[in-house]
Amino acid sequence: MSKKILQLISGDFEDLEVWYPVYRCREEGWQVDFAAEKPGLYHGKYGVPCEVALSFKDLDPDDYDGLLVPGGWAPDKLRRFPEVLNIVRKMNADNKAIGEICHAGWVLISADILRGKKVTSTPGIKDDMSNAGGIWVDEETVVDGNIVSGRRPPDLPAYAKAFIEVVKARG
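In terms of our numbering, the numbers along the sequence shown are unbroken and rise by one, the last being 731.
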C-alpha cells in the first residue's frame, strides 16, 4: 500500500538524518514530500542540497501518513513556525507516525506532545526532553505509540526501520 510521508526542512539540517529515512521510505514505494517555510533550495550542514516544493502553509497534514523531523540545527528554526507546531500537533492527535532524531526533539517539545512519552535524542537535549515531560532513555531508537525517536546518525538503520514499521502498523 502506498503511503505519503512529510519531511520537514529548514537550513542546516543534518544531511544524513534527512536523506537516510527519505531513501528508506522511497524504497518502500512511498511518496515523500519536502516542506519548508517557502519553496526553494535548502542546504544541510554539510552542503547537501534539498529542493523543496511545499510551504508549511500550503499543506494539509491529513494528506500524510507520517512525519519526519530532521536533526542538525534545523529543529531550532522549525519550532519557531506556528504552522510546524500545528502540523505536529495534528498528526499526533491523529495518531500518525512521527519520527524525530537527534535535536529534532526540540520541535516536539515546542509542540508540547512529549508528556509521559518514552523518548531518546542526542544527550545534548536530554534535559530539554525531560523538562518537557518526556521519559528520556539512552537507547538507539525508542518507539512509544506513534512517536519514533533516535539518538544520532549511527542509529539511523534502527530508527528508519522502526519508523517504517510504525507507519505500516497504522494502516
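Positions of the beta carbon are idealized from the N, C-alpha and C atoms, including for glycine.
Opening and closing residue of the beta strand (DSSP E) in which residue i lies
i       : result
Glu-611 : 609–612
Leu-628 : 626–629
Val-703 : 701–704
Gly-676 : Per DSSP, Gly-676 belongs to no beta strand (DSSP E) and is neither H nor E.
Test item: CB-CB of residue i and residue j under 7 angstroms
i       : j       : result
Leu-638 : Leu-568 : yes
Glu-732 : Phe-616 : Residue 732 cannot be examined here, being either before or after the span of the chain that is shown, 561 to 731.
Phe-523 : Val-612 : Lying before the first or after the last residue shown, residue 523 is absent from the chain, which here runs from 561 to 731.
Rounded straight-line distance, which links the Cα of residue j to that of residue i
i       : j       : result
Glu-725 : Glu-588 : 11 angstroms
Thr-701 : Lys-605 : 23 angstroms
Ile-685 : Gly-705 : 21 angstroms
Endpoints, alpha helix (DSSP H) assigned at residue i
i       : result
Leu-587 : Contrary to the premise, residue 587 reads as Glu rather than Leu in this sequence. Start and end: 575–587.
Lys-637 : 634–638
Residue environment, residue i, which counts as buried when at least 16 other CB atoms sit within 10 Å
i       : result
Ala-722 : buried
Asp-575 : buried
Lys-598 : exposed
Asp-625 : buried
Supposed contact pair residue j and residue i - C-beta distance, whole angstroms, cut 8 angstroms
i       : j       : result
Gln-591 : Ser-562 : 7 angstroms
Tyr-580 : Leu-674 : Incorrect: roughly 23 angstroms between the Cβ atoms, too far for contact.
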